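Engineer:
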Amino acid sequence: MPRRIIEDHQEDFFSGLENARKYAEEAEKSSKMRFRGFLKRLLESNVKGRYLEVGAGSGILATMIAENDRDLSITALDISSDMVSVAGEYIEKKGLQSQILPITGNIEDDEFIQFQDKFDFIYSTFSLHHWKNPKTVIRNLMHLLNDGGKVMIYDLKRVWWLYWIPIENGFFKSIRAAYQPDEIESILRETNVTQYKIETISPFFLQNITLWK
Ligand SMILES: C[S@@+](CC[C@H](N)C(=O)[O-])C[C@H]1O[C@@H](n2cnc3c(N)ncnc32)[C@H](O)[C@@H]1O
């Protein structure tokens, strides 16, 4: 399996209001397909209570979840303040301000997470391959999770048949930066997580990682 390729300028997609808006537009257009596998698992889990979305981007998934269950509250965290601004506008447009709180912060920052509340369910989509230190993130997620809670991390999977396609758009760059399940397993082994499941999701370049506390 070819090695991960992480490009620094990956983050450029999320900084600057113009880029954040462009990302939001694309994410909204493809939202049904993009989040289908994740939403299916979320509905099956039927977790109630307080949710934290990590790397929430433009807030589209948070609004889909909040609209589906008007009793849920979601904190939508992102490291990019531009993304958080765009998410705030979108949440307002949908009239969901009482359910979703967009905040700027780095999930890898140990000090930042000390001041956060605890959650019953923590989820993240298409963000894992951007995290500089996934081990720190996993530890921080477990710290923020209430006992009996659950984490779901949904992301691309590096597959050789997409890796070699000579296209330089965001999707193919992300495929080259994504993890293989055995790499995720070795990250998890170095944390305190003992109960987890890693599943490949159709169409084979997606995966969902569930962690329990
Ligand atoms: C590819 S986007 C995915 C956005 C959204 N979850 C989606 O599925 O459309 C990845 C997001 O993760 C955010 N991100 C990356 N590293 C982060 C970190 N350490 N803490 C919080 N957010 C982070 C980025 O700013 C970006 O908005």
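The sequence shown begins at 1 in the numbering used here and counts up one residue at a time. Glycine included, every Cβ here is placed at the ideal spot set by N, Cα and C. In this text the structure is predicted, and so the values were computed from the model without any measurement.
#1: Could you tell me whether the Cβ atoms of Phe14 and Asp82 are closer together than 8 Å?
#2: With a cut-off of 8 Å on the beta carbons, I'd call Tyr163 and Arg176 a contact; round off their distance for me.
#3: What does DSSP give as the partner residues of Asp155 in its beta bridges?
#4: Within the present structure, is the beta-carbon of Ile153 separated from the nearest heavy atom of ligand 1 by less than 7 Å?
#5: Strictly closer than 5 Å from CB to any heavy atom of ligand 1: give me those residues in the order they appear in the chain.
#6: How about the segment 114-127 and the segment 81-100: do they share at least three Cβ pairs that are nearer than 8 Å?
#7: Looking at Glu108: is its Cβ nearer than 8 Å to the Cβ of Ile60?
#8: Please report the residue range of the beta strand (DSSP E) in which Thr75 lies.
#9: What three-state label does DSSP hand Gly49 in the structure shown?
#10: Can you tell which of Pro2, Ser45, Tyr123 has the C-alpha that lies nearest to the C-alpha of Asp78?
#11: Along the chain, where does the beta strand (DSSP E) that runs through Lys197 open and close?
#12: Residues in its own chain within less than 6 Å of Val84 by CB, not counting five upstream and five downstream?
#13: Who are the Cβ neighbours of Val159 in its own chain at under 6 Å, not counting the five residues just before and after it?
#14: Alpha carbon to alpha carbon, how far is Glu199 from Ser186?
#15: Which residues does DSSP pair with Phe119 in a beta bridge?
#16: How many angstroms separate the CA atom of Met142 from the CA atom of Leu211?
#17: Since Leu188 and Asp155 are thought to touch, with beta carbons under 8 Å apart, how far apart are those beta carbons, to the nearest angstrom?
#18: Using DSSP's beta-bridge definition, name the partner residues of Val54.
Structural biologist: According to the data block:
#1: Start at 1 with the first residue of the sequence shown, and residue 14 comes out as number 14. Start at 1 with the first residue of the sequence shown, and residue 82 comes out as number 82. Contact: yes.
#2: By 1-based counting over the sequence shown, the position of residue 163 is 163. By 1-based counting over the sequence shown, the position of residue 176 is 176. Indeed, because the Cβ distance is near 6 Å, the residues count as touching under 8 Å.
#3: Here residue 155 refers to the residue found at position 155 when the sequence shown is read from its first residue. Looking at the DSSP assignment, Asp155 forms a beta bridge with Gln207.
#4: For the purposes of this step, residue 153 is taken as the residue at position 153 of the sequence shown. Because no heavy atom of ligand 1 lies under 7 Å away, the Cβ of Ile153 does not count as near it: no.
#5: Phe14, Ala27, Gly55, Gly57, Asp78, Ile79, Ser80, Met83, Asn106, Ile107, Glu108, Thr125, Phe126, Ser127, His130
#6: no
#7: In the sequence shown, counting from the first residue as 1, residue 108 sits at position 108. In the sequence shown, counting from the first residue as 1, residue 60 sits at position 60. Contact flag unset, no.
#8: Mapped onto the sequence shown, residue 75 falls at position 75. Note, Thr75: beta strand (DSSP E), 73-78.
#9: Sequence index remark: in the sequence shown, residue 49 carries index 49 (1-based). Coil, per DSSP.
#10: Here residue 78 refers to the residue found at position 78 when the sequence shown is read from its first residue. Selected option, being the one with the closest Cα: Tyr123.
#11: Taking the first residue of the sequence shown as position 1, residue 197 is located at position 197. Per DSSP, Lys197 belongs to the beta strand (DSSP E) from 195-201.
#12: On the sequence shown, position 84 is the one that residue 84 refers to. Cβ neighbours of Val84 beyond the five flanking positions: Asp78, Pro102, Thr104.
#13: Working through the sequence shown from its first residue, we reach residue 159 at position 159. So the list reads Phe205, once near-sequence residues are dropped.
#14: Against the sequence shown, residue 199 aligns to sequence position 199. Against the sequence shown, residue 186 aligns to sequence position 186. Cα-Cα distance, rounded: 15 Å.
#15: Working through the sequence shown from its first residue, we reach residue 119 at position 119. According to DSSP, Phe119 bridges with Leu145.
#16: Residue 142 sits at position 142 when you count from the first residue of the sequence shown. Residue 211 sits at position 211 when you count from the first residue of the sequence shown. Cα to Cα, the separation comes out at about 9 Å.
#17: Within the sequence shown, the letter at position 188 stands for residue 188. Within the sequence shown, the letter at position 155 stands for residue 155. In fact, because the Cβ distance is near 14 Å, the residues do not count as touching under 8 Å.
#18: What you label residue 54 is simply residue 54 of the sequence shown in a count that begins at 1. Its beta-bridge partners are Leu77.
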